[in-house]
Each structure stands twice: as C-alpha cells, then as structure tokens.
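If you read the sequence shown in UniProt numbering, its first letter stands for residue 1, the second for the next number, and so on.
Built from N, CA and C at the ideal position, the CB exists for glycine as well.
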Amino acid sequence: MIVAPLLEGMDQVFLEVAQALLPLLIFFGVFQVLFLKLPRVYVINLVRGILIAALGMALFLQGVNVAFLPAGRAIGEAVTAFGHLWLLIPFGFLLGFLATYAEPAVRVLGYQVEESSSGYIKESLIVYTLSVAVAISVALGMARLVYGIPLLSIIIPGYLLVIVLLLFTDQDFVGIAFDSGGVATGPMAVTFLLSLAVGVAAGIEGRNPVVDGFGLIALIALAPILSVLALGILYRRTRGEET
C-alpha cells in the first residue's frame with residue numbers, strides 16, 4: 001500500500017502537536033475567563049482556527065519525517081558519492097537560495113517590513129537579500145565540510161563583523177536584521193538543509209555527522225543579519241546623497 005508508509009508514526013506526530021498547543025490553549029482559557037471575556041462567536045472561531053493550525057502542523061511534520069529529512073540526507077550522500085566534492089559548494093548555493101525563497105516566514109517578514117515602512121523598503125528586496133545571503137551561507141557550510149574548516153573560525157569573525165556593521169548601518173535595519181536571522185532558520189531550512197548537511201558529512205570520509213554535520217543552521221542564522229545590516233548601510237548612504 002502506498003498510503004501506509006506515509007501515515008506511519010502519524011499518531012506520535014499528533015501527540016507532539018497536542019503537547020505543543022495545549023499550554024497555549026490553557027493560557028488563553030485562563031485569560032478568557034479572568035480578563036478577556038471575548039464574545040462566544042470569537043472564541044468558537046478561535047478554536048476552529050487552532051484546530052486547523054494543529055492539523056496543518058501535524059501534516060507538515062509528518063511530511064518532514066517521511067519526505068524532507070530522508071530526501072535531504074539521501075541527496076547529500078548521493079552527491080558525495082559522485083566523487084567531485086567541490087560541486088557541493090554551488091549545489092549548496094542553489095539549494096540555499098531555493099529553500100529560503102520558498103520559506104513562508106521570509107515572505108511574511110518582507111510583507112511586514114514593506115507595510116511598516118510605507119513601501120520604503122520593498123518586500124521583494126528583503127526576500128532576495130535573505131535568499132542570496134542564505135545561499136552564500138549554505139555554500140560556505142558545504143565548503144566547511146569539504147575542506148574541514150572549523151566552525152568557530154567562521155562564526156566568531158562573523159559576529160564580530162556584525163558588531164562593526166551595527167556602528168554604520170541605518171538604525172531602521174537593526175531590528176529587521178536580527179529578526180531575519182530567526183526567520184531564515186524556518187522549517188524549510190531546518191528540515192531540508194540540515195538533513196542535507198548531515199548526509200554530506202556522513203558521505204565524506206573522515207567527517208563525523210554529529211561533529212561536522214551540525215552547525216549549518218548557525219551559519220544560516222548569521223548570514224541574513226550581515227546582509228540586512230549591509231543593506232542598511234546602502235540605504236543610509238542613499239539618504240545622505242539625497243540630502
């Protein structure tokens with residue numbers, strides 16, 4: 001049966017979703033009884049929305065378990081078995097761009113930024129900036145695996161550079177930059193790109209999947225911060241030229 005493997009472990013996924021949402025429901029229930037006292041229609045619609053969200057979370061997590069994680073690891077192992085390890089770098093760039101461009105949270109951030117800035121900062125600019133930044137970080141992560149570069153030698157200079165850029169960027173971009181780091185590490189990046197890195201580490205001789213396979217998400221979180229801060233410097237210079 002084709003359907004049976006897809007539903008394997010679904011009961012555990014529903015249990016995990018219920019455990020995640022139950023505290024929120026209890027929290028809302030307490031506030032509803034003591035403080036909010038919202039109309040009954042609003043509460044019913046809220047419960048319906050939570051149920052739909054729970055179903056969506058369960059289906060997504062099940063899809064991750066049966067598709068994204070195995071596929072990412074299989075692709076990583078297959079590319080390393082090909083023999084030309086340097087191909088992992090452009091391959092990682094492409095996958096990093098596509099995964100971020102498809103990330104719903106990135107588009108939500110871009111929409112919120114454009115709306116809050118009254119169109120001054122375009123949604124498409126934020127989306128493409130984050131997509132290119134994550135693509136570069138994934139390519140760098142693949143290079144780290146191929147050439148055995150220590151993670152700390154990238155992370156520490158990267159955050160030191162963040163501190164320097166904070167002194168020169170437009171202040172409007174500081175909050176956006178640090179939010180973008182969390183947004184870029186959404187479900188697409190964590191589920192697919194992380195499993196890809198673990199698969200690559202498992203396929204390269206001398207690499208440890210636990211030691212070398214992890215750390216890619218840290219790079220993905222750092223890259224959008226740097227790119228948005230750099231974008232803020234460009235905007236600041238543009239404002240200076242206009243004045």
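Beta-carbon proximity list for residue i, same chain, < 8 Å, skipping 5 on both sides
i	result
VAL13	ALA58, LEU61, GLN62 and ASN65
Cβ distance (whole Å) where residue i is taken to contact residue j below 8 Å
i	j	result
VAL146	GLY96	Incorrect: roughly 15 Å between the Cβ atoms, too far for contact.
ASP170	TYR235	5 Å
ALA143	ILE225	The pair is not a contact, with the Cβ atoms about 20 Å apart (cut-off 8 Å).
THR80	VAL198	About 12 Å; that fails the 8 Å criterion.
ALA218	GLU103	17 Å between Cβ atoms; not a contact.
LEU229	LEU165	4 Å
THR191	LEU55	No, THR191 and LEU55 are not in contact; Cβ-Cβ is about 18 Å, not under 8 Å.
VAL106	VAL183	6 Å
residue 244	LEU25	The question about residue 244 has no answer here: the residues shown for the chain are numbered 1 through 243.
Cα-Cα separation between residue i and residue j, rounded to whole angstroms
i	j	result
PRO39	GLU115	30 Å
ALA177	ALA139	21 Å
LEU194	LEU130	17 Å
VAL47	ILE136	41 Å
GLY186	ALA221	10 Å
PHE35	PHE28	10 Å
VAL30	PRO23	11 Å
Residues of its chain near residue i, where Cβ-Cβ distance is below 6 Å and the 5 sequence neighbours each way are ignored
i	result
ILE233	PHE168 and THR169
LEU151	GLY215
SER227	THR129 and ALA133
Close-in-space but distant-in-sequence residues of the same chain around residue i (CB under 7 Å, 5 per side omitted)
i	result
GLY92	VAL138, ALA139, GLY141 and MET142
Whole alpha helix (DSSP H) elements within the region 145-221, 4-residue minimum: For the alpha helix (DSSP H) assignment, the uninterrupted runs of no fewer than 4 residues enclosed by the region 145-221 are, from N- to C-terminal side, 152-166, 174-184, 194-203 and 209-213.
Contained alpha helix (DSSP H) runs [length at least 4] in the region 70-138, N- to C-terminal order: Runs of the alpha helix (DSSP H) lying entirely within the region 70-138, each at least 4 residues long, are 88-101 and 104-116 in chain order.
Three or more C-beta pairs below 8 Å linking the region 173-187 and the region 200-212: no
Whole alpha helix (DSSP H) elements within the region 8-74, 4-residue minimum: 10-31 and 40-63
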